[in-house]
Amino acid sequence: MGKKRTPQNKKSHEMIVDESKLNWKPVDIPDTLDDFGGFYGLEEIDGVDVKIVNGKVNFIPKNDSKLARDVTKEKSKNKEKRAGAEASPGSGLESELLEFKNLDDVEEGELSAASYSLSDEGEQDENKDTGLLDGNEDEDEDVLKENVFNQNINIDDISPVDLPEWTNLSSLSMTILQSLQNLNFLRPTEIQKKSIPAILEGKDVLGKASTGSGKTLAYGIPIVEQLITNFSQKNKKPISLIFTPTRELAHQVTDHLRKICEPVLAKSQYSILSLTGGLSIQKQQRLLKYDNSGQIVIATPGRFLELLEKDNELIKRFSQVNTLILDEADRLLQDGHFDEFEKIIKYLSVERRKNKVKDSENDNKIWQTLVFSATFSIDLFDKLSSSHQAKDRKFKNNEDELNAVIEHLMNKIQFNSKPVIIDTNPGSKVGSQIKESLIECPPLERDLYCYYFLTMFPGTTLIFCNAIDSVKKLTVYLNNLGVPAFQIHSSMTQKNRLKNLERFKQQSAKQKTINHSNPNSVQISSVLIASDVAARGLDIPGVQHVIHYHLPRSTDIYIHRSGRTARAGSEGVSAMICSPQESMGPLRKLRKTLATKNSVSADLKTKQINRKPIKWQNTVALLPIETDILSQLRERSRLSGELADHEIASNSLRKDDNWLKKAADEFGIDVDSDEDDISKSNSDSFLLKNKNRKIQKTINKDKAKAMRAELNELLSVPIRKDRRQKYLTGGLVNLADNLVKKRGHNSIIGHEKMDALETLKKKRKRDK
C-alpha cells in the first residue's frame with residue numbers, strides 16, 4: 001500500500017494571475033480630495049489576495065472566488081492539450097525542429113540533446129502521475145514567461161523592419177527598431193542623425209534644434225539602448241538622470257522613452273521613472289526601492305533634491321550614473337532652477353569622488369553630459385556669471401555666441417571635455433514651418449479678437465497668457481460662448497493639470513478623426529489656455545494655432561511658445577494679439593531680436609538686400625480682420641466677459657469667506673467683529689481694497705440670469721456674412737444650397753471655409 005500523504009507533506013500551491021487579466025473596476029475620485037496622494041485614478045478588484053515577493057506585486061485568487069475556479073479550469077484544459085500533444089509522436093517542439101531541419105546543419109550533440117530532453121519530459125510525466133512533482137507546473141510556466149521577456153519582443157508581434165536610414169545611422173537593437181517602426185518614426189531627424197552616433201561614442205554633446213525636431217529621442221535612444229543591455233546582463237546600476245524645468249515635460253519625456261522600449265518594460269515597469277513635484281513623495285520613495293527601478297530617472301530639480309536630502313542612500317546610488325542630461329537647458333539653468341540643480345551636482349560629484357567611482361576606460365571621466373535646447377542665448381546665462389561683461393559683448397555670428405555659452409556652462413556643469421556642438425538651425429530662431437502673424441486690437445478688446453480668431457478659424461488652438469488670472473477668466477469667457485476650453489497654470493494641482501492636458505489631447509484627436517473621415521463635418525475649436533508652464537517642450541499633436549494673448553516677456557519664451565505648433569514637419573500659425581501701445585515697445589524689441597541677419601525666416605531671405613537690413617515691421621504679417629463679422633460678435637463678447645468676471649469674483653469671495661471662517665473657528669474669534677478691526681487697520685487695507693474690487697465685479701442673481709438668457713439667445717442666432725438677414729436664396733451665392741450640401745463656413749452663413757494658414761500664405765503672395 002502506498003503511504004498516505006498528510007497535510008503537512010502537501011506543498012502549498014498558489015495560482016498567480018496576470019494583473020491585466022483581472023476584472024478591474026474604476027473608482028471615482030471626487031475633486032474635493034485634491035491630488036489624492038498623487039494618484040491620477042483608482043481601480044478596485046474583488047476576490048484576490050496580494051503578496052509582494054522581491055518587490056514584485058503578485059495577485060493570487062482566493063480559493064472560493066470565481067476567478068480561482070476559472071484559472072483552475074483553464075489550467076486543466078491546457079494540461080489536457082499538452083498530454084494529447086505528447087501522446088502523438090513528433091508533435092513536440094523538438095520533433096518539429098528535427099523534422100524540418102536539414103541533418104547537415106545539426107551540430108554535434110544537438111540530436112542527442114533533443115532526444116534527452118524528450119526522455120526527460122517522459123520521466124516528468126510519470127512523476128506527475130505518481131504525485132512526486134506536485135506544484136512544479138507553475139514553476140515551468142514562470143520560467144517560460146521569463147524566457148519570453150528576455151527576448152525583448154514577442155515573436156508573434158514581430159514584423160519585418162524596413163528602416164534603412166536608422167540601421168545605417170548606428171547599430172541599434174531590434175527592440176528599438178521595432179518600436180520606431182510601430183510608432184511610424186521611419187527616418188531620423190537632423191538632430192537625431194548628428195547626436196545619436198556622438199552620444200553612443202561617449203562624447204559630451206551640446207545640441208540646439210528647433211522645437212518639434214525630435215530632441216527627446218536624440219538623447220533618449222542611446223540611453224534606452226544601455227537599458228536594454230543592462231537587462232540582458234542583469235545589471236541594476238542606474239544609467240541616466242534627465243532634468244527638465246517643468247513637471248509636464250518630465251511626464252512627457254517619460255512616456256516617449258517608455259514607448260520606444262515597451263517590450264523591455266514588461267519585466268520591470270519602473271525602470272524608467274518620473275520624479276516630479278505635485279505628486280506624493282512617499283509613493284516616489286517607495287517606487288525607488290523596487291527591484292530594477294529608477295535606472296533611468298526623469299525629474300524636476302526641486303523634487304529630486306528633496307528626495308536626495310531625505311535619503312543619503314539615493315546619493316550613493318545616483319552618483320554612479322553614466323549620463324547626465326539637461327532638457328530645455330536654457331530655462332533649467334536660469335536662477336531658481338539652477339540653485340537646486342547646482343546642489344544636486346555637488347552632492348553626486350562629491351559622493352562619486354569619495355567612492356572613487358570612475359569609468360573603466362577613462363579614469364578622469366565623471367559622467368557623460370548632454371545639454372539640449374531650442375534656444376541658447378548668452379543673455380540667459382549672464383545671471384549665472386560672476387562677471388557681467390558678457391552683456392556688452394557683440395557676436396559676429398551664431399557660432400561665436402554658442403562658444404560663449406559653452407564657456408559659461410563649463411564653469412557650472414562638469415563636462416569631461418569641450419562638448420561637441422550640434423546646431424541644426426543656425427540661421428533661424430523660429431521654425432520655417434511656423435507662419436507668424438499679428439492681430440492689432442484696442443487694449444480692452446483682447447477677448448473679443450481672440451473669440452473672433454476662434455470663430456473664423458476653428459481648429460486646435462493653444463492660447464498663452466502671462467497672468468494666471470487671465471487664464472482663469474479667458475477659460476470661463478470662452479466656455480460661456482460655447483467654445484470648449486481647458487486651462488493649465490502653476491496654481492493648479494498636478495493631477496488637474498495632467499487631467500486637463502489629457503482631455504484636450506483626446507478632444508483634439510477625436511476632432512481630427514472626424515475631419516479625416518468626413519471633410520465636410522462641422523469643425524469645432526478645441527482650446528487649451530495656459531500660462532508659460534506649457535510653453536516648454538510639450539508635444540501636443542495637431543496644434544494648428546498658437547495665440548499669444550499677451551506678448552511674451554522674452555524672446556526665448558516666444559520661440560518656445562510658437563514651437564508648440566508646426567511639429568514633426570507640419571505647418572502652423574503663431575498669432576500675436578497686440579495693442580498699438582505694445583507695438584512700439586515690447587513688440588518692436590521682440591521683432592528686432594528675431595529679424596537679425598542670421599535669424600531671418602526662409603520666406604524673407606529672397607527679399608533681403610545686403611546693403612539694407614530688413615525692417616522689423618516686414619517680418620510679420622497682419623491678419624486681415626472682417627469688421628462686419630467682428631461687430632456681430634461684440635455684444636456676445638461683452639455679456640460673456642461680464643458673466644466671467646462675476647463667476648470668478650463670486651468663487652474667489654466664497655473661498656475667502658470659507659478660509660476666514662475656518663481660521664476664526666480655530667482661534668475662537670468672532671468674524672463680524674474682526675472685519676471692523678480689519679477695516680480700521682492700515683496694514684490690511686490692501687486686503688480690503690482687493691475684496692471691494694471683487695465685490696464690484698459681482699452682479700445679483702436676477703441680473704446674471706437675465707444676462708445669461710440674453711447671451712444664449714444671441715448664440716442661437718447664426719452669424720451671417722455681409723449681414724444677409726432675409727433671403728437665403730438671393731444674391732450671387734445661393735446660401736440655402738450651400739447649407740443643404742454642407743458647403744462653406746461651419747458657423748458663418750455665406751462665408752467660405754477659412755484656414756488661418758492658407759489665409760496668411762495668400763496674403764504673403766499678394767504682398768510680394
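Numbering follows full-length UniProt numbering, with no gaps: position 123 of the sequence shown is 123. All C-beta atoms in this analysis are idealised placements derived from N, C-alpha and C, irrespective of residue type, glycine included. The model shown is predicted, which means the values in this text are computed figures rather than measured ones.
To the nearest angstrom, how far is it from the Cα of residue i to the Cα of residue j?
i, j, result
"Thr246", "Gly750", "45 Å"
"Ile547", "Leu462", "6 Å"
"Thr475", "Asp291", "44 Å"
"Arg654", "Lys705", "19 Å"
"Asp311", "Leu448", "53 Å"
"Asp46", "Leu257", "33 Å"
"Glu342", "Glu309", "14 Å"
"Ile699", "Gly641", "13 Å"
"Lys412", "Ala266", "38 Å"
"Lys696", "Leu324", "First, the amino acid is wrong: residue 696 is Gln here, not Lys. Cα to Cα, the separation comes out at about 53 Å."
"Arg561", "Pro238", "34 Å"
"Leu183", "Lys435", "28 Å"
"Ala566", "Thr216", "17 Å"
"Glu248", "Lys701", "39 Å"
"Asp330", "Ser373", "6 Å"
"Trp659", "Glu328", "39 Å"
"Gln192", "Ile540", "20 Å"
"Asp767", "Pro624", "13 Å"
"Leu307", "Arg352", "18 Å"
"Thr244", "Leu715", "43 Å"
"Leu639", "Asn690", "23 Å"
"Ser652", "Lys592", "41 Å"
"Tyr452", "Arg708", "20 Å"
"Gly302", "Thr276", "8 Å"
What does residue i pair with, by DSSP beta-bridge criteria?
i, result
"Glu436", "Ser574"
"Arg720", "Ile749"
"Lys51", "Asn58"
"Gln178", "BP columns for Gln178 are empty, so no partner."
"Phe243", "Ala299, Leu326"
"Val420", "Val205"
"Phe189", "Just to set this straight, residue 189 is Thr in the shown sequence, not Phe. Partner(s): none; Thr189 has no beta bridge."
"Gln487", "Ile529"
"Leu462", "Leu528, Val546"
"Ala709", "According to DSSP, which records beta bridges pairwise, Ala709 is partnered with nothing at all."
"Gln506", "Beta-bridge pairing links Gln506 to no other residue."
"Gln368", "Thr323"
"Val17", "Phe59"
Determine the closest residue to residue i out of the options, with distance taken between C-alpha atoms.
i, options, result
"Leu590", "Thr555, Met576, Ala566", "Thr555"
"Asp181", "Ser574, Cys261, Arg352, Ile434", "It is Gln, not Asp, that sits at residue 181 in the sequence shown. Considering only alpha carbons, the answer is Cys261."
"Leu172", "Thr593, Val717, Glu436, Gly220", "Gly220"
"residue 769", "Lys259, Lys194, Ser531, Glu502", "As shown, the chain starts at 1 and ends at 768. That puts residue 769 outside it, with no answer to give."
"Asn58", "Asp18, Glu44, Lys25", "Asp18"
"Ala621", "Ala756, Asp423, Trp166", "Ala756"
"Thr211", "Thr189, Ile199, Ile196", "Thr189"
"Leu630", "Ser583, Glu502, Cys450", "Cys450"
"Asp656", "Leu326, Leu643, Leu687", "Leu687"
"Asp722", "Arg764, Met754, Gln632, Asn425", "Gln632"
"Ser349", "Val371, Leu370, Asn322", "Asn322"
"Asp532", "Leu587, Gly569, Lys662, Ser491", "Ser491"
"Trp367", "Ile242, Ile422, Phe304", "Ile242"
"His745", "Lys763, Ser280, Ile719", "Ile719"
"Ala218", "Gly482, Asn479, Arg636, Val371", "Val371"
"Pro419", "Met584, Glu201, Arg317", "Glu201"
"Gln487", "Met456, Ala509, Ser526", "Ser526"
"Met456", "Ile669, Lys25, Asp628, Leu279", "Asp628"
"Val753", "Ser417, Gln233, Pro458", "With the sequence shown as reference, residue 753 is identified as Lys, and Val is not the correct amino acid for it. Out of Ser417, Gln233, Pro458, Pro458 has the C-alpha closest to the C-alpha of Lys753."
"His550", "Phe464, Lys234, Thr619, Gly542", "Phe464"
"Asn230", "Leu275, Val264, Glu647, Glu582", "Val264"
"Thr375", "Ile422, Ile344, Gln433, Asp469", "Ile422"
For the ligand GDP, is there any heavy atom lying closer than 7 Å to the beta carbon of residue i?
i, result
"Lys289", "Questions concerning the ligand GDP fall outside what the structure shown contains, since it holds no ligand whatsoever."
Report task. Report the residue ranges of all alpha helix (DSSP H) runs contained in full by the stretch 519 to 605; include only those spanning at least 4 residues, in chain order. Result -> 555 to 562, 580 to 583, 586 to 594, 602 to 605
**Report entry** Cβ contact check for the stretch 406 to 420 and the stretch 189 to 207: 3 or more pairs under 8 Å
**Finding:** yes
Query raised in the report: Just checking, does the stretch 437 to 445 make contact with the stretch 575 to 588 on the three C-beta pairs under 8 Å criterion?
Result: With the cut-off at 8 Å, the stretch 437 to 445 and the stretch 575 to 588 touch.
Report task. Pair every Cβ in the stretch 292 to 299 with every Cβ in the stretch 270 to 280, then say whether three or more of these pairs are closer than 8 Å. Result -> yes
Query - Minimum length 3: unbroken beta strand (DSSP E) runs contained in the stretch 242 to 297 - result: Correct list: 272 to 275.
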